[in-house]
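Colleague:
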Amino acid sequence: MGKKEMKIAFVGGGAMGEAMVKCLMTKKVAAPQDMVVSDVNRLRRELLSREYGVNTLADNRRAVENVDLIILAVKPQNLPRVIGEIKGLALEQLVLSIVAGATLSSLCQGLNHPFVVRAMPNMPAQIGVGMTIWTATAETVQKQKELARAILGALGKEIYVDDEKYLSMATALSGSGPAYVFLFIEALVDAGVHIGLPRDTAQELVIQTIFGSIRAVEKTGKHPADLRNMVTSPGGTTTEALLQLEKGGFRSLLLEAVAAAYKKAERL
Ligand SMILES: NC(=O)c1ccc[n+]([C@@H]2O[C@H](COP(=O)([O-])OP(=O)(O)OC[C@H]3O[C@@H](n4cnc5c(N)ncnc54)[C@H](OP(=O)(O)O)[C@@H]3O)[C@@H](O)[C@H]2O)c1
């Protein structure tokens, strides 16, 4: 988008606020002088202005004055206070919230404002390879949606959905997903060590194997089961391992784990 004149205010300059500032600058979606970050934490303000050259403020109300986009990036428990502070200040601006569990209706009612986008990024967004799912209120106009897409696209991939119910499902899949994958990586490396490989060798083997498998799914467009069959020769070693995984309920365990995360996300 590269709109030099577009002004963005971040309320909350923690891990995600910083990641967004960094990605927007790297992808040239926004320039530092067009971004203001408001945070209660002095150390965060100092770090953000020093590292990225953005304006920083301690006053949320002042930060959101005269901007085109307000990004809410505080923890859920701090959101009610922030909403109380900025209520009535958002006029034509788009408000984009990445706060987990904060629904469109609670944001609209709290802020008394119709133009709201709710997004759920994930942790790899912090290095520009995130997966973000987002939705918007019916009142949000096309131009505002394009703005949201440009901002969220700077964090990696983004998918728009027109039904908010998919956000808690995505929270369980792509939001929590990196934790499942990190656990999988850790366990596979441990398995390599268990059978006698040096830990650093095991780690390199595992990471490249996962990376290569992802690329194979992407590049071939084949069903994962077809690709799995290609590496499973009759009576071979792979099938021995797969038997143990099936016996241990690997597939149903994953289904149940994601369903449990979804249930929790719905309760938040
Ligand atoms: N981290 C992720 O991977 C991830 C992924 C998806 C969604 N999210 C969502 O993103 C949001 C931010 O997460 P985060 O990991 O960036 O949290 P974080 O690192 O704790 O950042 C939040 C920042 O906001 C500051 N803050 C607290 N109260 C404030 C207030 N009233 N006004 C202005 N600033 C205030 C905090 O300061 P103090 O530390 O001094 O309180 C902190 O610097 C959360 O709602 C989370 O659900 C995060």
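Sequential numbering from 24 applies to the sequence shown in the working numbering.
Every residue gets a Cβ at the ideal spot worked out from N, C-alpha and C, and that includes glycine.
Bear in mind that the values here come from a model prediction, so they are computed numbers and not experimental data.
Does the distance between the C-beta of alanine 248 and the nearest non-hydrogen atom of ligand 1 fall short of 6 Å?
Modeller: Not under cutoff, so the answer is no.
Colleague: Is glycine 25 helix, strand or coil when you go by DSSP?
Modeller: Note that glycine 25 scores a pLDDT of 46, beneath 50, so its modelled location is shaky; the value from the coordinates is reported in the next line. If DSSP states are grouped into helix, strand and coil, glycine 25 belongs with coil.
Colleague: By alpha-carbon positions, which one of Phe33, Lys45 and Leu291 ends up nearest to threonine 79?
Modeller: Looking at the Cα atoms, Phe33 is the closest of the given residues.
Colleague: Output the distance between the C-alpha atoms of valine 152 and glycine 179, rounded to the nearest integer angstrom.
Modeller: Cα to Cα, valine 152 sits roughly 4 Å from glycine 179.
Colleague: Using a threshold of 6 Å, is the CB atom of proline 67 nearer than that to any non-hydrogen atom of ligand 1?
Modeller: In the sequence as presented, proline is not what sits at residue 67; that position holds arginine. True, at least one ligand heavy atom lies under 6 Å from that Cβ.
Colleague: For glycine 198 and leucine 265, I'd like the C-alpha separation in whole angstroms.
Modeller: Going from the Cα of glycine 198 to the Cα of leucine 265 covers about 27 Å.
Colleague: Are there any heavy atoms of ligand 1 lying less than 6 Å away from the beta-carbon of methionine 154, as far as the coordinates show?
Modeller: No, since every heavy atom of ligand 1 falls outside the 6 Å radius drawn around the Cβ of methionine 154.
Colleague: Just verifying my parser: in three-state terms, what is the DSSP assignment at leucine 250?
Modeller: In this structure, leucine 250 counts as helix in the three-state DSSP scheme.
Colleague: Given a threshold of 16 other Cβ atoms within 10 Å of its Cβ, counted over all protein chains shown, does valine 221 qualify as buried or as exposed?
Modeller: The residue asked about is misnamed: residue 221 is proline in this sequence, not valine. Under this definition proline 221 is an exposed residue.
Colleague: Starting from glutamate 108, follow the beta strand (DSSP E) in both directions and report where the run begins and ends.
Modeller: Taken as a continuous stretch (DSSP letters only), glutamate 108 belongs to no beta strand (DSSP E), being part of the alpha helix (DSSP H) at 102-109.
Colleague: Let me know the beta strand (DSSP E) ranges lying completely inside the segment 139-202, each 3 residues or longer, listed in chain order.
Modeller: Within the segment 139-202, the complete beta strand (DSSP E) runs of at least 3 residues are 139-143, 153-159 and 179-183.
Colleague: Is it buried or exposed for glutamine 167, if we count other Cβ within 10 angstroms and need 16 for buried?
Modeller: Buried, by the Cβ-count rule.
Colleague: With 16 as the cutoff for other CB atoms within 10 Å, does glycine 258 come out buried or exposed?
Modeller: Exposed is the call here.
Colleague: How big is the Cα-Cα spacing for leucine 95 and proline 201?
Modeller: Rounded to whole angstroms, leucine 95 to proline 201 spans 22 Å at the Cα level.
Colleague: Using a Cβ-based criterion (distance less than 6 Å to any ligand heavy atom), does arginine 104 qualify as near ligand 1?
Modeller: Indeed, a heavy atom of ligand 1 lies less than 6 Å from the Cβ.
Colleague: Considering just the uninterrupted stretch of the alpha helix (DSSP H) at leucine 31, what are its terminal residues?
Modeller: A small fix is needed here, since residue 31 is isoleucine in this sequence, not leucine. Segment 31-34 is the beta strand (DSSP E) holding isoleucine 31; no alpha helix (DSSP H) there.
Colleague: Where DSSP assigns a beta bridge to threonine 79, which residues make up the other side?
Modeller: Partner(s): Val60.
Colleague: According to the neighbour-count rule (16 or more other Cβ atoms, all chains shown, within 10 Å of its Cβ), is serine 82 buried or exposed?
Modeller: Sequence inspection shows aspartate at residue 82; the serine mentioned does not correspond to that position. The residue in question, aspartate 82, is exposed, as its Cβ has fewer than 16 Cβ neighbours within 10 Å.
Colleague: Do the segment 137-144 and the segment 157-171 touch if we need at least three Cβ pairs shorter than 8 Å?
Modeller: Touching, yes.
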